[in-house]
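J.: When we follow the working numbering, the leftmost residue of the sequence shown carries the number 4, and every step to the right adds one.
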Amino acid sequence: MNKYNEIIKAYKNGYAIPQFNTINAEYTRYILEECEKEKSPVILGVSEKVAKHLGGFKVAKNIVDGLIEDLNITIPVILHLDHAKSKEACEKAIKAGFDSIMIDYSSYTLEENIKITKSLVLENPNTIIECEVGTIGKNGNEGIIYSNLEDIEKIKRETNAHLIAPSFGTVHGVYKGEPRLNFNLLKEIKNKIDTPLVMHGGSGLSDENFKESISNGIAKININTELKQAWTKSIREFLKNNPTETDPVYITESVSEELKKVVSKLIKIFGSNNRI
Ligand SMILES: [Zn+2]
4 MNKYNEIIKA
14 YKNGYAIPQF
24 NTINAEYTRY
34 ILEECEKEKS
44 PVILGVSEKV
54 AKHLGGFKVA
64 KNIVDGLIED
74 LNITIPVILH
84 LDHAKSKEAC
94 EKAIKAGFDS
104 IMIDYSSYTL
114 EENIKITKSL
124 VLENPNTIIE
134 CEVGTIGKNG
144 NEGIIYSNLE
154 DIEKIKRETN
164 AHLIAPSFGT
174 VHGVYKGEPR
184 LNFNLLKEIK
194 NKIDTPLVMH
204 GGSGLSDENF
214 KESISNGIAK
224 ININTELKQA
234 WTKSIREFLK
244 NNPTETDPVY
254 ITESVSEELK
264 KVVSKLIKIF
274 GSNNRI
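Set out below in structure tokens:
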């Protein structure tokens, strides 16, 4: 799997590939243009919700393929289904041409999580498979259940998943107060399983938190909230400053600069620039 090798390369060389979650064609375009400029490989995250919003997985795939062709994008691009809640969704995405999927069975028992992850790995030898162990919190340090080291060892041993997302204190959405990341846990996981690890809930962490996570095995970092915030802020400001504008082209284009700023800043912190 050529594309998995990109993540292995990051893992072995001490940087992380950004997963930027996208919502539509323009958003995807600005992410791709900035990654191309910085010569950074990129993972484009699409959720089930977004695929549905677009019209289907194939639409997402075609948007990405069309942009790669028309914009002459030469960096490695991995199209990833984020937080799939069912095997059916994973299969639909794979059929549509996604390179990578995350099956999120973290709220089920470990046995059920292993069973579904294992079957996806076995049945889809050309797809990158990510699973999650423990519970990554939501909005403000709530509901975090730190991963159990033995559980992570077991799921790796029994499924041979390509990527594992441990819960080590990050949260989806917005942090309230100081994030409480457990780097010792991350270090122990890295020593036990020697597999690229994934950070969910990367929006809003300090540069130091990112760097320490990367040095302890994080090779893929998911960014969603920070892009959405930049998008919304830009649209709000544009409409406020241009109250009579009615052309969606100009309104939508107004997000380009702010989105690209977020992408460019994070790529440099993750160290994925100039890797092509
Ligand atoms: Zn996530």
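The beta-carbon is built from N, C-alpha and C at its ideal position, and this holds for glycine as well.
If I follow the unbroken alpha helix (DSSP H) through residue 200, where does it start and stop?
T.: Here residue 200 belongs to no alpha helix (DSSP H); instead the beta strand (DSSP E) covers 200–202.
J.: So, helix, strand or coil for residue 84, using DSSP?
T.: Residue 84: strand per DSSP, three-state reduction.
J.: To the nearest angstrom, report how far apart residue 100 and residue 106 are at their CA atoms.
T.: So the alpha carbons of these two residues sit roughly 16 Å apart.
J.: I want to know whether the stretch 54–63 touches the stretch 247–259 - three or more CB-CB distances under 8 Å.
T.: No: fewer than three Cβ pairs fall under 8 Å.
J.: Report the option in 85, 142 and 128 whose CA atom is closest to the CA atom of residue 181.
T.: Cα-wise, what sits closest to residue 181 is 142.
J.: Could you give the uninterrupted runs of the beta strand (DSSP E) lying entirely in the stretch 76–157, keeping only those of 3 residues or more?
T.: Counting whole runs of 3 or more residues, the stretch 76–157 contains the beta strand (DSSP E) stretches 80–87, 103–106 and 131–136.
J.: Quick check on this structure: which residue in 36, 146, 166 and 226 has the alpha carbon closest to the alpha carbon of residue 199?
T.: For the residues 36, 146, 166 and 226, the minimum Cα distance to residue 199 belongs to 166.
J.: If you count every other CB in all the chains shown that lies within 10 Å of the CB of residue 148, and 16 or more means buried, which is it?
T.: Classification for residue 148: exposed.
J.: Going by CA-CA distance only, name the one from 192, 224, 152 and 164 that's closest to residue 175.
T.: Ranking 192, 224, 152 and 164 by Cα distance to residue 175 puts 224 first.
J.: Thinking just about the alpha-carbon of each residue, which of 90, 96, 76 and 77 is nearest to the one in residue 84?
T.: Of the listed residues, the one whose Cα sits closest to residue 84 is 96.
J.: Per DSSP, residue 168 is paired with what?
T.: Paired residues: 135.
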